[in-house]
Amino acid sequence: MLIWLPVVCGAFMGQRGSLDASISHISKRYRPRFLLLICLVCCACATSAQAITINSSFDSANSEPGPATWAGGGSLLGIFNTAASYWQNAVTQDRDINIVYRWADSSQIGGGVLGLAGFCNPPGACTALIRFNRDFNWFIDGTPTFQEEYNNFTESTADFGGGEMNTGRVFTGATGDAAGRFDLLSVALHEIGHVVGINGGAPNNGTEYTISSPRPLDGSLIPKTGGHINLSGANMNPGIGSSTRRLLTEADILVAAEHMSAAANEINLNPSALPEPSTLVLQIFVILGYASSRRRIRRA
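Here the sequence shown stands for residues 100 to 399, where the numbers follow this note's numbering.
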């Protein structure tokens, strides 16, 4: 299969003779399906990009029980996978990040600490441990890619010397299960951010993170405090209150990419946990085409 995929992509995207030879023995009945399969493979080849891969697992053997007070209908697994998808769609550099995560209590990670992450320098050099404090009242969202529990959205920007960047994507005005509880998605995004590269072991001076070329907005000096970003709207700010959700900002993503490696220069500054639109449209197009070909074959 490792040999076949590039051959098929090359045939479809220019080597017409090879393609004709490959399908000449296939009956007319099945040729439309075969061509659509080639199209799907080539779409994947054409739209694939480098990306970090977050390999995660729940440490059930060492985990404390889940929180005594929580709501939202979700699970730690679902929240963690969603947060990992945000980061994977944000920083497009080939690198494996290995994480184990579990519930802990205040005696293990400290009272007042929502979550705690170990980290590796460089990122991916070891398996990092993330712990979430079970002693808090958590909102564990059953639909973490949607923000319907929050009435207000505030987006902020600032220029730190390299051009205007997004510094806050903050949801407030929590209702229902989210009201009065701490958002586990925000905390999972934050702790994974430490593992990806924003941590006390990161380089730069004590007050600023410097964004360098060839990353966008190079020359920016983003305020720093310890291993965090000193911006109130940034996900990687060291504190968050209840009834609040903070998603990744351009500042978070740029600092993470800067400290991952010099090669992390293809960056999606507005990531989501869903498939990229171009890939999704191509997949839908091919599926519809395949269904249409089957109808035509049945009528023949």
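Note that beta-carbon positions come from the ideal geometry of N, C-alpha and C, so glycine has one too.
Bear in mind the structure is a predicted one, so any value in this text is a computation, not a measurement.
Which value, in whole angstroms, describes the spacing of the CA atoms of residue i and residue j?
{"i": "Gly340", "j": "Gly211", "result": "11 Å"}
{"i": "Trp237", "j": "Arg280", "result": "5 Å"}
{"i": "Phe179", "j": "Ala203", "result": "15 Å"}
{"i": "Cys219", "j": "Cys225", "result": "6 Å"}
{"i": "Ile151", "j": "Asp193", "result": "5 Å"}
{"i": "Gly217", "j": "Pro370", "result": "24 Å"}
{"i": "Trp169", "j": "Glu290", "result": "19 Å"}
{"i": "Ile196", "j": "Ala278", "result": "33 Å"}
{"i": "Asn251", "j": "Ile366", "result": "27 Å"}
{"i": "Gly296", "j": "His327", "result": "10 Å"}
{"i": "Ile310", "j": "Leu346", "result": "20 Å"}
{"i": "Asp258", "j": "Asp317", "result": "11 Å"}
{"i": "Glu375", "j": "Tyr185", "result": "The predicted model places Glu375 with a pLDDT of 47, which falls under 50 and marks its position as unreliable; any figure quoted below should be read in that light. Each residue's alpha carbon lies about 11 Å from the other."}
Quick one: give me the first and last residue of the alpha helix (DSSP H) that residue i is part of.
{"i": "Val286", "result": "Leu283 to Val295"}
{"i": "Ser60", "result": "Since the displayed the chain opens at 100 and closes at 399, residue 60 lies outside it and no answer follows."}
Is residue i helix, strand or coil when you go by DSSP?
{"i": "Phe270", "result": "strand"}
{"i": "Asn336", "result": "coil"}
{"i": "Leu368", "result": "coil"}
{"i": "Ile321", "result": "strand"}
{"i": "Glu254", "result": "strand"}
{"i": "Asn161", "result": "coil"}
{"i": "Asp351", "result": "helix"}
{"i": "Ile178", "result": "helix"}
{"i": "Cys144", "result": "Note on Cys144: pLDDT 41, under 50, position unreliable in the model; no value is reported."}
{"i": "Glu248", "result": "coil"}
{"i": "Asn188", "result": "helix"}
{"i": "Ala120", "result": "Confidence in Ala120 is poor, its pLDDT being 44 and thus under 50, which makes the residue's placement unreliable; the coordinate value appears in the next sentence. Here Ala120 sits in helix by DSSP."}
{"i": "Met359", "result": "helix"}
Return the Cβ separation of residue i and residue j in integer angstroms, given the expectation that the two are a contact with Cβ distance under 8 Å.
{"i": "Thr43", "j": "Arg268", "result": "No statement about residue 43 is possible, as the shown extent of the chain runs from 100 to 399 and does not include it."}
{"i": "Gly292", "j": "Met335", "result": "5 Å"}
List the residues that DSSP assigns as beta-bridge partners of residue i.
{"i": "Val199", "result": "Ser156 and Leu228"}
{"i": "Arg44", "result": "The chain is shown from 100 up to 399; residue 44 falls before or after that span and cannot be answered."}
{"i": "Gly172", "result": "Asp240"}
{"i": "Asn265", "result": "Thr256"}
{"i": "Arg68", "result": "In the structure as shown, the chain starts at 100 and stops at 399, and residue 68 therefore has no counterpart that could be examined."}
Along the chain, where does the beta strand (DSSP E) that runs through residue i open and close?
{"i": "Gly214", "result": "Gly214 to Ala216"}
{"i": "Thr409", "result": "Nothing about residue 409 can be reported from this structure: the residues present for the chain run from 100 to 399 only."}
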